[in-house]
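S.K.:
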Amino acid sequence: MQLIPSQRYLFYIFVLIFPLSACQRVQSYNRRLAPLPQDTFVKVNFNHSESVEFTEPYRQQTRLGDNLEQQIIDAISQAKFTVDVAVQELRLPKIAQALIAKQKAGVKVRVILENIYSRPWSSLSPHEVRQLDKREQERYQEFLKFVDTNQDKKLSPEEVNQKDALAMLQNAKIAWLDDTADGSDGSSLMHHKFVIVDNKILIVTSANFTLSDIFGDFSNSSSLGNANNLLQIDSPELASLFTEEFNIMWGDGPAGKPDSRFGIKKPPRLPKTINLGESSITVQFSPTSPTQPWSNSSNGLIGKTLESSTKSVDMALFVFSEQRLANILENRHQQNVVVRALIEPQFIFRNYSEALDMMGVALSNKCKYELDNKPWQNPISSVGTPTLPKGDLLHHKFAVIDGQTVIAGSHNWSDAANTGNDETVVVIKNPTVAAHYVREFSRLYKHVNLGLPPKIQQKVTAEKQQCSQIKTPSSSENKIIKPININTATQAELESLPGVGKKLAQKIIMLRQQQKFTSTQDLEKVPGVSGKMLEKWEGYVIW
Numbered sequence: 121m122q123l124i125p126s127q128r129y130l131f132y133i134f135v136l137i138f139p140l141s142a143c144q145r146v147q148s149y150n151r152r153l154a155p156l157p158q159d160t161f162v163k164v165n166f167n168h169s170e171s172v173e174f175t176e177p178y179r180q181q182t183r184l185g186d187n188l189e190q191q192i193i194d195a196i197s198q199a200k201f202t203v204d205v206a207v208q209e210l211r212l213p214k215i216a217q218a219l220i221a222k223q224k225a226g227v228k229v230r231v232i233l234e235n236i237y238s239r240p241w242s243s244l245s246p247h248e249v250r251q252l253d254k255r256e257q258e259r260y261q262e263f264l265k266f267v268d269t270n271q272d273k274k275l276s277p278e279e280v281n282q283k284d285a286l287a288m289l290q291n292a293k294i295a296w297l298d299d300t301a302d303g304s305d306g307s308s309l310m311h312h313k314f315v316i317v318d319n320k321i322l323i324v325t326s327a328n329f330t331l332s333d334i335f336g337d338f339s340n341s342s343s344l345g346n347a348n349n350l351l352q353i354d355s356p357e358l359a360s361l362f363t364e365e366f367n368i369m370w371g372d373g374p375a376g377k378p379d380s381r382f383g384i385k386k387p388p389r390l391p392k393t394i395n396l397g398e399s400s401i402t403v404q405f406s407p408t409s410p411t412q413p414w415s416n417s418s419n420g421l422i423g424k425t426l427e428s429s430t431k432s433v434d435m436a437l438f439v440f441s442e443q444r445l446a447n448i449l450e451n452r453h454q455q456n457v458v459v460r461a462l463i464e465p466q467f468i469f470r471n472y473s474e475a476l477d478m479m480g481v482a483l484s485n486k487c488k489y490e491l492d493n494k495p496w497q498n499p500i501s502s503v504g505t506p507t508l509p510k511g512d513l514l515h516h517k518f519a520v521i522d523g524q525t526v527i528a529g530s531h532n533w534s535d536a537a538n539t540g541n542d543e544t545v546v547v548i549k550n551p552t553v554a555a556h557y558v559r560e561f562s563r564l565y566k567h568v569n570l571g572l573p574p575k576i577q578q579k580v581t582a583e584k585q586q587c588s589q590i591k592t593p594s595s596s597e598n599k600i601i602k603p604i605n606i607n608t609a610t611q612a613e614l615e616s617l618p619g620v621g622k623k624l625a626q627k628i629i630m631l632r633q634q635q636k637f638t639s640t641q642d643l644e645k646v647p648g649v650s651g652k653m654l655e656k657w658e659g660y661v662i663w
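In the working numbering, the protein residues as written are 121 to 663.
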């Protein structure tokens, strides 16, 4: 048979393209790593794992990684009695479908969300959409592209009930509430990301239940999802601790009394440790009031774990802004512990970032460094950012200590998470579990940008020239001899408190004339008084 020119052209194109596409698929298999052994009770998953391949359900892309959504769905599908979900944001329709199916089967389903993300996108009016900030506008447009299946630029009821996860839950009458259920405008952030099934099976993850956190941006095929990890733990004893946390936030449920408790309204609880097979697992729920000892907080638990290091500390963090943790790491570095850190590019070079301390430099805010800022005298060159697909973030909050112990959960290494947000920290001592996090850190570190970029170095140099003297405020620069009664102290006495200047002292005096302060909660309402500031006042303020 003789081909006519047009047929011959198409034939050559096919011959050239088909082997190439097949080759790409073979290459993806060829670069897969052998799976690591999993612990019997504690399973570890990463959405960028290099040892497994899956096809995404929404974009139909085949790629490397664990399907974290499917892990969550599989856990929910095992439920016979109860499913409790506490997650900052839930937008994945297949998870919504799994919850709805379980409720129809007679399973009790409860959901807690962050109030900022507790409204279906499809319920926003055109006016409300226009009021969204730039980032939320972009997210709304992504939502429209995802839900508008026939691309007619209109959302039909059928499309909404197939793709808008919160609308689906709402229509199915799934019981849910958010952090305004305590009668407030909301806590700092309801930032949890956990699922409890039958008070036995736990999902604890760094990922929100969204496309961008698990799979990638819907309209950007090169985006493969923010780097996240997920733990599945089979333990009734540990699940009971999470159920206690859930019940404190739930109260008597939606439309009931405002007896839910979020943020520092929750009762203070110390870390608790359980033994599970080969693992020792410690769990701590944030926040801890700044009036409590820092050592009893989630950051205190992280600090204690870092202090135990003798060989190495590897960190993959979304944000790192807790000064005390940086100081602990400096001490370990001085004891010859190898410290490496990967931090999300959006946050690594902010003036409050402890990555700068580790590199031995500082950036000021209006010629003033952050409180107790302390650049390392012996800086390290193993701090940087991973190279990520465009649009994706480093969303992990984990560290590996000596290749044996893992710190994970939803808790960012910041004062805001420690003293304001509803969070989870888990510390797992188990080399089998740790090996998975070691591999993930190695994957990210293979393509790393270390040190200060020229642009940031130029900024540091320019600040030194522009600011005649850059001051580092210290919580110990004002020595307080005896406790101060916040309701009777003079302006000079108030100014002796760490972080208090003339204007803030005057503001405190003005407000106490209107109503006396009776607790740290009252002081937290004063504009200019931060959680970190209150922590420095501990032991120096009385009522």
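Think of the CB as a built atom: it goes at the ideal place given N, C-alpha and C, for glycine as much as any other residue. Please read these numbers as outputs of a predicted model, since none were measured by experiment.
Do the segment 328-338 and the segment 352-363 touch if we need at least three Cβ pairs shorter than 8 angstroms?
M.R.: no
S.K.: With a threshold of 8 angstroms, are at least 3 pairs of Cβ atoms found where one atom belongs to the segment 490-505 and the other to the segment 278-288?
M.R.: no
S.K.: Check the DSSP bridge columns for I353 and list the partner residues they point to.
M.R.: Paired residue(s): V162, L322.
S.K.: Determine the closest residue to E583 out of P277, T610, V481, with distance taken between C-alpha atoms.
M.R.: V481
S.K.: Cβ atoms of V164 and H556: under 9 angstroms apart, would you say?
M.R.: yes
S.K.: According to DSSP, which residues form a beta bridge with N569?
M.R.: T505
S.K.: Using DSSP's beta-bridge definition, name the partner residues of A206.
M.R.: I232, F314
S.K.: Counting only runs of 4+ residues fully inside the segment 519-546, write out the alpha helix (DSSP H) ranges in chain order.
M.R.: 535-539
S.K.: When you compare only the Cα positions, how much space is there between G423 and K656?
M.R.: 18 angstroms
S.K.: Would you check if the segment 570-581 and the segment 185-192 touch, i.e. whether three or more CB-CB distances between them fall below 8 angstroms?
M.R.: no
S.K.: With three or more C-beta pairs closer than 8 angstroms as the rule, is the segment 215-226 touching the segment 515-526?
M.R.: no
S.K.: Using DSSP with H/G/I as helix, E/B as strand and the rest coil, what is F405?
M.R.: strand
S.K.: When you compare the CB positions of I193 and A292, do they come within less than 9 angstroms of one another, or not?
M.R.: Contact: no.
S.K.: Compare the Cα-Cα distances from G571 to each of F266, I548, S501 and report the closest residue.
M.R.: S501
S.K.: Under 9 angstroms between the Cβ atoms of D268 and R230?
M.R.: no
S.K.: Using a 10 Å radius around the Cβ and a threshold of 16 neighbouring Cβ atoms, would you call D379 buried or exposed?
M.R.: exposed
S.K.: Buried or exposed: R381, going by 16 or more other Cβ atoms within 10 Å of its Cβ?
M.R.: buried
S.K.: Starting from the Cα of V280, find the closest Cα among G619, V315, R211, S639 and give me that residue.
M.R.: R211
S.K.: Decide if the segment 252-265 is in contact with the segment 342-355; the criterion is three or more beta carbon pairs, one per stretch, under 8 angstroms apart.
M.R.: no
S.K.: When the Cα atoms are used, what is the spatial distance from P413 to P246?
M.R.: 48 angstroms
S.K.: Identify the continuous alpha helix (DSSP H) that holds L275 and give its terminal residues.
M.R.: Run containing L275: none; DSSP gives neither H nor E here.
S.K.: I need the straight-line Cα distance from A475 to A206, nearest angstrom please.
M.R.: 31 angstroms
S.K.: Quick check on DSSP: helix, strand or coil for I468?
M.R.: coil
S.K.: Any heavy atom of the ligand HEM closer than 8 angstroms to the CB of W370?
M.R.: Absent from the structure shown: the ligand HEM. Ligands present: none.
S.K.: Indicate the three-state DSSP secondary structure (helix, strand or coil) for R183 in the structure shown.
M.R.: Strand.
S.K.: Can you tell me which of the three DSSP states V661 falls into?
M.R.: strand
S.K.: Would a C-beta distance cut-off of 9 angstroms place E543 and S562 closer than the cut-off?
M.R.: no
S.K.: Given a threshold of 16 other Cβ atoms within 10 Å of its Cβ, counted over all protein chains shown, does A154 qualify as buried or as exposed?
M.R.: exposed
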